[in-house]
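First comes the structure, then the notes that go with it.
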Amino acid sequence: HIDNFKNENFNNNLRIHFLKECLAQLAPDQIDTALKQNINLKIEVQQHGIELKKL
Numbered sequence: 009h010i011d012n013f014k015n016e017n018f019n020n021n022l023r024i025h026f027l028k029e030c031l032a033q034l035a036p037d038q039i040d041t042a043l044k045q046n047i048n049l050k051i052e053v054q055q056h057g058i059e060l061k062k063l
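Mapping the sequence shown onto our numbering, position 34 (from 1) lands on 42, and the numbers just tick up by one.
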């Protein structure tokens, strides 16, 4: 279980990284959508971290 959470955490951090890179290239009207996705992914990462600490 821990390995699965670590893998998910890594994947989510990777997504956040690429979203930040894409954000720099987006039009202003698309930035809001990208920011919301980024926030949602950060929440997922935090939740997985909490779950890992419980194990």
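Where is the CB? At the ideal position from N, CA and C, for every residue including glycine.
Q | CA-to-CA distance, LYS28 to ASP11, given in whole angstroms | A | Rounded to the nearest angstrom, the two C-alpha atoms are 26 Å apart.
(Q) According to DSSP, is HIS25 part of a helix, a strand, or is it coil? (A) Judged by DSSP in its simplified three-state form, HIS25 adopts helix.
Q: Starting from HIS56, trace the alpha helix (DSSP H) both ways and give me its first and last residue.
A: Where HIS56 is concerned, the enclosing alpha helix (DSSP H) starts and stops at 36-62.
Q: Given a cut-off of 8 Å, decide if LEU49 and PHE13 are closer than it, judged by their beta-carbon atoms.
A: The Cβ atoms of PHE13 and LEU49 lie no closer than 8 Å to each other.
Q: Give me the Cα-Cα distance between HIS9 and ASN17, rounded to the nearest whole angstrom.
A: For HIS9 and ASN17, the distance between alpha carbons rounds to 12 Å.
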